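For what it's worth, this note's numbering labels the leading residue of the sequence shown as 7, then goes sequentially.
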Amino acid sequence: MCSVARTKDVLQEAKSIKKLPTLIHSGLAAVYGTVVLNQIVLFLGTDDGQLLKAILNEDMESNCPEVLYEIKEETSIFPKLRLDPVDNNYIYLSSANKVRRIPVANCGKYVSEQECLSAKDPYCGWCSWNQRCTLKENCTRSNSTKGWYNISHAPDKDLKVLLSFPAKNQVKVTASISKILTSCMIKIVKPVETFYENVVLKNSSCFCNLTTPVITDNDCLVLEASLSSSSWNITQTFQLTNCSRCIHKGECTSCKWTPVSPATTCQDSCNAPASKEIATAQETEHISIHSIEPLWISTLGKSEITVKGENFTHASGIKLILTGTTGCKPDIIKVRNVLNDTQMTFALPPTRKEAKSICIQANGKKCSPPMTLHYVSLPSCLGITPNSSWISGGRRITTIGRNFKVVDSVIISDDQRSNLTVSKCPGNESDYHYLTPSLSHATEGKVVDMMLKVETTFIPCVKLHYHPDPVFINYQLHTELDPDLELKIYKENDNLNISKTEVEVYLSYMSGSQTKRIWFSVQNITKKPDRSTILCKFKREGTDKIDFSTVKVFVKLGNFEHEVKPTSSHIYLYVLILLPIVVSVIIAAFIVTRYKSKELTRKQSQQLELLEYEIRKEIREGFAELQMDELDVVDSFGTVPFLDYKHFALRTFFPESGGFASIFSEDMPQSRDQTSKDESFNMLHALICNKNFLVTLIHTLEKQKNFSVKDRCLFASFLTIALQTKLVYLTHILEVLTKDLMEQSSNVQPKLLLRRTESVVEKLLTNWMSVCLSGFLRETIGEPFYLLVTTLNQRINKGPVDAITCKALYTLNEDWLLWQVSEFKTVTVNIIFEKISENESGDACQTIQVNVLDCDTIGQAKEKSLQAFLNKNGFLYGLQLDEIGLELVSEEHQRELLDIDGSSEVMEDGIRKLNTIGHYEISNGATIKVFKKKTNTQSDVDYSDEHCHLILPDSEANKDVKGAGHKGKQKFKVKEMYLTKLLSTKVAIHSVVEKLFRSIWSLPNNKAPVAIKYFFDFLDAQAEIKKITDPDVVHIWKTNSLPLRFWVNILKNPQFVFDIKKTSHIDGCLSVIAQAFMDAFSLAEQTLGKEAPTNKLLYAKDIPLYKKEVKAYYKAIRDLPPLTTSEVEEFLTQESKKHENEFNEKVALSEIYRYIVKYYDEIVSKLERERGFEEVQKQLQQVKDLFDEKKKCKWL
């Protein structure tokens, strides 16, 4: 029996579903349904771009749908909606131009647990960890059984509200589920609305004493009760029948109470006979509705809508009922004002965008036949045509957009006047037409704002440009085609873009005593560079004759009306008078111009001949120098000034952070309790010696958004110093991190591996190479590298060098080429070095011959003198450049030589030229004395833009200098004439460059450095494991790891290896050499044209040979016998012992700890998610506690 009954119920339920619609909506375009927690959830797409969500209860009744998303453009949603197959918390919404991924719930709008669970949204639940209403996936630790509470913890579906009358004039409201109530509200809705505040709560019930007036059983009594607990709330409306004796006397046998919907109370079930009597009595007062205006309003609502009909003044209880989507509570609005018997007004509330059914109810009768009221979004503007107006106004403007039906008015906002409401022309929903108002005070190009007024809201629309009224010059009236008339009106060009439909033209003339008008038809408007022409025609049909002497022509544009004057006949007289004068002036100007042109041509020919001679001379001299010039390279340059290992390593580790060099050179301050102090560092050192922890730490740091590239490089350098004595362990870490990096790169572009420095492991590899190759660099590469730097300096100083810009005639880099130099010559002088206490060696040669150039400044002559002393004696003079002075010794007198003195040449624009050897007229064999200065003078300072040397202010290289006026002081120069100097410099140092390159990619004694052989074999092995068959990939890996990460860094920075100062010019030349070095390792074929940069062209012919040598170098390393693990570890152990006590490792550990404590929470969270790190977590916490204790004691 039970199963049969159940089957019956199911069939009845199925039958009811087919009979009645579950949900009614006026504009559905798509429907998608799903089941979540045994509840049906419907996603509805509308034709105006809304995505709604409706939830059905067990009776298949919908709640009031929630708006999940609105498309701003209001385009219709396509019929197919789909949940994200990967994450069901999102739904795909497709429209005309975009597919959007929208969350299925807006849980965040519920602020309390009660609101969250009572919303009955199966997607939402209360997250106890975050104290927020969230989706399950957004709740931290949601896997916990007590972390996230969904609607299964909300009120049971059988929760009901029960009524009883325990005593006279007393009502009791009880929840069917026993739970302590937090609030209770009871009110009488009908016949008189009454709230009761003296409610007494008791467990799951509440009581109140009714003070309602005496009612009869014929009265319709409606009661509403709302109950709330800590996790739910429920509201129920009851209709009471035959309950007057029950309330007033306590006799409740015939009293019945029925749960009803608020919208259906007292319509049919309350005392039907009484309703019939009322209807009969009021038949004569039946109202009828003719129209409701407007029927399109915005979501802001409407302060006043007008209802037109009949019998309004005789009706009572007039109200308007707005019914929207199924499940949403109807709006019942009382009449605002009954104007007369045929008109009344209502105020409509704001609501969301939808079409609603609207009807009028009066005298307790049924609603009038429903009409459709459209709530639409606020209007918006897309464009305006035309976008300008003349200041007199009256131009018809068309604004394109949407939802213009709800616009109350258009406002023109002017900054000098109050808002102007413009007159509206007939339009539709997407076009709005209006006439522009007059702005007599507007200036050229004035911009005003056009706004749409909806209720009390002003919506910015577009900008409208005001221009002056058009200017009409004159007209020509042609009557020879009688009876047709042709009229041409000429106007000045403007920015108004007037069309022919906007122009009205008429002609007035006198016929007797009457003024008559002829309206012309505008044919077209043609625009020329100087003016525009309006062509008008009129065809006369009558016999009236026109007195053309009385004709006046008028043009009308909107509010602007103007009389156009005819063409004046006096202009021809002016032309006849001026024409002979103009012709005479032209002839005279032609004769003078021709004479000057011949004179100018003669002078230009002379200058071109001189220029051609100069160019021929320069090219010939450059060619001869290229074929004959040789550089006397100094074979013996004394001891190479190598830096010690500590300074080499620090400059390599921290190329841009010089401050760390001094920090790591200092010792940590001693403490009385040395054991206590070292305990924190010892534990931290032990922790980073845990390979799993260190790898996890590095990966966690790299995932932090604010862990920048600079932080990654610094961390890698600190780690290298901290593990300087554990190179074997550091190498294992390098292997693991490199493999992890390969996993990240292999899926996208394996050739990009190790190309950039964007991770810890890439900088770690650079540091590791620097440590392991420091001995090879010092023993094998150091001498040829220092020879290259010395040779470059010598070559640069052989020719002129501009003291201000440091550009030189002899260079490798086109950017540093000095091509503005005049002729120069070598001057041999005898330099006498004064004996000083700093240098009392008896073997020192005190008189030395020095070759200088006549264009050298005094400062440059001092530099060459000190260098000559060093080359001659093998040691420095003992004084710095700014401590010595030069003095010209002659039989007559002695004169101090200065860069700037009273005899310095002052250019016309106030710029002073530095003194040179030629300025003092020093010749071959002159004697110059070097002396120790007592104080520094002006010649020792850095000169500013107020000085010049070889590059004069009016040359092309110094165009920024104002007021140049030194014409004739320099001969005409072409930069390209001097490009041969680049080639001559390259030829002069070519043997030194090749010696350096081959010392890098050769194998002395057929043996490669251990570090290079080990790492190249490691890369080969990884390629085999990953089944990479392309040999180019492995070649690029090796190139990125050794030449790119190490050798190029060394070649461009000799100050990392030697105790020297690198100038900007040397840096530019070394950049060209480093580029050629890297091109040798590149697999790409170079295709160079005539426009290729010179730094590429210089070594273009040498690169193919270099590439062959590089490939042979890689192959030779691969063919060597593989290293055993013991050989590698023995090498690393020896290197570790070499560098013991080189650095203050505690400083590096302190810096590492700074990063750990900065991202401590993220690191701990990562360790908690991984297995096997329980002990490590304890150690990390101990380290933190020790450092925190030190911080308190101010040890750090």
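Even for Gly, the Cβ is constructed at its ideal location relative to N, Cα and C.
As the structure is a computational prediction, the values presented were derived from the model and not from experiment.
Query: Beta-carbon gap between Leu876 and Leu885 smaller than 8 Å; Result: no
Query: Beta-carbon proximity list for Val266, same chain, < 6 Å, skipping 5 on both sides; Result: Thr243, Gln245
Query: Cα-Cα separation, Asp821 to Ala874; Result: 29 Å
Query: Rounded distance between the beta-carbons of Glu498 and Arg537, thought under 8 Å; Result: 6 Å
Query: Own chain partners of Ala1106 with C-beta closer than 7 Å, once the 5 adjacent residues on each side are dropped; Result: Gln1092, Leu1094
Query: Selection from His1145, Ala809, Tyr926, Lys178 that minimises the alpha carbon distance to Gly908; Result: Tyr926
Query: Counted within 10 angstroms of its Cβ, other Cβ atoms place Asp65 as buried (16 or more) or exposed; Result: exposed
Query: Contact under 8 Å by Cβ, Val1063 with Gly788; Result: yes
Query: Ordered list of beta strand (DSSP E) runs contained in the segment 870 to 938, each at least 3 residues; Result: 890 to 895, 900 to 903, 933 to 938
Query: Candidates Asn112, Cys954, Asp915: closest to Asp3 by CA position; Result: Summary: the structure shown does not reach residue 3, with the chain confined to residues 7 through 1202, and so no result is reported for it.
Query: Own chain residues within Cβ distance below 8 Å of Thr681, not counting five before or after; Result: Because Thr681 sits at a pLDDT of 44, beneath the cut-off of 50, its placement in the model cannot be relied upon, and the following sentence gives the value as read from the coordinates. No residues qualify anywhere along the chain.
Query: From Ser304, Pro1060, Ile397, residue whose alpha carbon lies closest to that of Thr462; Result: Ser304
Query: 8 Å Cβ cutoff met for Tyr496 and Ser395; Result: no
Query: Identity of the residue in Leu1192, Thr259, Leu818 nearest Leu988 by Cα; Result: Leu818
Query: Terminal residues of the alpha helix (DSSP H) in which Ile4 lies; Result: Coverage of the chain is limited to positions 7 through 1202, which leaves residue 4 absent and any answer about it impossible.
Query: N- and C-terminal bounds of the beta strand (DSSP E) containing Ile295; Result: 294 to 299
Query: Given Thr933 as reference, the closest of Asp951, His899, Ile906 once Cα atoms are compared; Result: His899
Query: Terminal residues of the beta strand (DSSP E) in which Val413 lies; Result: Run containing Val413: none; DSSP gives neither H nor E here.
Query: Where the alpha helix (DSSP H) through Phe254 begins and ends; Result: The sequence given here has His at residue 254, not Phe. That run of the alpha helix (DSSP H) goes 250 to 255.
Query: Given 8 Å, three or more beta-carbon pairs between the segment 1186 to 1197 and the segment 724 to 739; Result: no
Query: CB contact flag (Gly865, Ala814, <8 Å); Result: no
Query: Between the CA atoms of Leu703 and Gln1183 - distance to the nearest angstrom; Result: 12 Å
Query: Opposing strand residues paired with Thr243 [DSSP bridges]; Result: Glu230, Val266
Query: Residues bridged to Ile46 [DSSP beta-bridge criterion]; Result: Val41, Leu62
Query: Exposure of Glu1146, with buried meaning 16 or more beta-carbon neighbours within 10 Å; Result: exposed
Query: As assigned by DSSP and simplified to three states, the class of Lys1190; Result: helix
Query: Whole runs of the alpha helix (DSSP H) within the segment 83 to 163, excluding any shorter than 4 residues; Result: 119 to 124
Query: Close-in-space but distant-in-sequence residues of the same chain around Leu614 (CB under 6 Å, 5 per side omitted); Result: none
Query: Counterpart residues of Trp525 in DSSP-defined beta bridges; Result: Tyr512
Query: Nearest-angstrom Cβ-Cβ length linking Val742 and Val777, presumed shorter than 8 Å; Result: So it is not a contact: roughly 18 Å between Cβ atoms.
Query: 8 Å Cβ cutoff met for Ala353 and Ser322; Result: no
Query: For Leu233 and Lys711, the rounded distance between their alpha carbons; Result: 49 Å
Query: Distance between Trp154 and Pro376 (C-alpha atoms, nearest Å); Result: 46 Å
Query: Residue of Lys166, Glu121, Val110 minimising C-alpha distance to Lys142; Result: Val110
Query: Contacting residues, own chain, Cβ-Cβ under 7 Å from Lys757 (five flanking each side not counted); Result: Val1039, Ile1042
Query: Local conformation of Arg718 per DSSP, three classes; Result: helix
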